[in-house]
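Position 108, counted from 1, in the sequence shown is what the numbering used here calls 1434; the numbers after and before it change by one each time, with no gaps.
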Amino acid sequence: MSLNRNEKAAVVSDVAAQAAKAQTLALAEYRGLTVEALNKLRVTARAQGVYLHVLKNTLARRAVAGTSFEAASDAMVGPLIYGFSEDAVAAAKVIADFAKTNDKLVIKGGAYGGKALDVEGVKALASVPSKEVLLSQIAGLLLSPVQRTAAVLAALAQQKGGGEQAEAPAAA
């Protein structure tokens, strides 16, 4: 089913609006995926805040023209599903995680920070922990010296307190 000119313009403007908000673009070939598997991927993507859309490549190229995602234009070949996310790793993570469990979804590339990503680049981006995990790791690192200092001070207080109690019965 072909889109008329107005419908194509609406698709391009919708995708361009998503691209303007996004930090990351991940591309994957979906050839051979069942409708059920594709719907499962869409549900997962929606839960992670990823805009996932099957697009004609010419419309996708028009939508990303002049954006930082234009760098990925060379990878826009074949039947692709496009994932845009405001979170720097969400789109790559959703597609890479789904590709691990379904060999029909093949990662083709992406873009982040104005640079094109190859397959390994998308996988590397997907392996970066989420913002919440990174923040909790930083908080743990900052808390660690404080906890160690408190433990040392508690041990010193215990020794000093234990030493006085040990001397007191001996003197009595």
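By construction, the Cβ of each residue, glycine as well, lies at the ideal position given by its N, Cα and C atoms.
When you compare the CB positions of residue i and residue j, do they come within less than 7 angstroms of one another, or not?
{"i": "alanine 1301", "j": "alanine 1442", "result": "The displayed coordinates of the chain run from 1327 to 1498. Any statement about residue 1301 would go beyond what the structure contains."}
{"i": "leucine 1406", "j": "leucine 1353", "result": "yes"}
{"i": "leucine 1378", "j": "alanine 1386", "result": "no"}
{"i": "valine 1390", "j": "alanine 1452", "result": "no"}
{"i": "serine 1399", "j": "alanine 1348", "result": "no"}
{"i": "serine 1394", "j": "glycine 1447", "result": "no"}
{"i": "alanine 1369", "j": "glycine 1409", "result": "For clarity, residue 1369 is valine in the given sequence; the question names alanine instead. Taking 7 angstroms as the Cβ cut-off, valine 1369 and glycine 1409 do not qualify as a contacting pair."}
{"i": "alanine 1414", "j": "threonine 1350", "result": "yes"}
{"i": "glutamate 1355", "j": "glycine 1404", "result": "yes"}
{"i": "leucine 1460", "j": "phenylalanine 1424", "result": "no"}
Helix, strand or coil for residue i per DSSP?
{"i": "leucine 1461", "result": "helix"}
{"i": "leucine 1406", "result": "strand"}
{"i": "serine 1470", "result": "helix"}
{"i": "threonine 1384", "result": "helix"}
{"i": "serine 1411", "result": "strand"}
{"i": "lysine 1430", "result": "coil"}
{"i": "glycine 1440", "result": "coil"}
{"i": "leucine 1329", "result": "coil"}
{"i": "leucine 1451", "result": "helix"}
{"i": "alanine 1342", "result": "helix"}
{"i": "threonine 1360", "result": "coil"}
{"i": "glycine 1392", "result": "coil"}
{"i": "alanine 1422", "result": "helix"}
{"i": "alanine 1476", "result": "helix"}
{"i": "alanine 1348", "result": "coil"}
Looking at the strands, I want to know which residues DSSP matches up with residue i.
{"i": "alanine 1276", "result": "Nothing in the structure corresponds to residue 1276, since the chain is present only between 1327 and 1498."}
{"i": "glycine 1435", "result": "Leu1353"}
{"i": "valine 1376", "result": "Ser1411"}
Exposed or buried, which one is residue i when buried takes at least 16 other CB atoms within 10 Å?
{"i": "alanine 1401", "result": "buried"}
{"i": "valine 1478", "result": "exposed"}
{"i": "valine 1380", "result": "exposed"}
{"i": "valine 1338", "result": "buried"}
Worksheet entry | Validate contact between the segment 1430-1449 and the segment 1465-1478 using beta carbons, cut 8 angstroms, 3 pairs | These segments do not touch.
Fill in: Stretch-stretch touch, CB-based, cutoff 8 angstroms, three pairs: the segment 1418-1429 with the segment 1332-1348
No, the segment 1418-1429 is not in contact with the segment 1332-1348.
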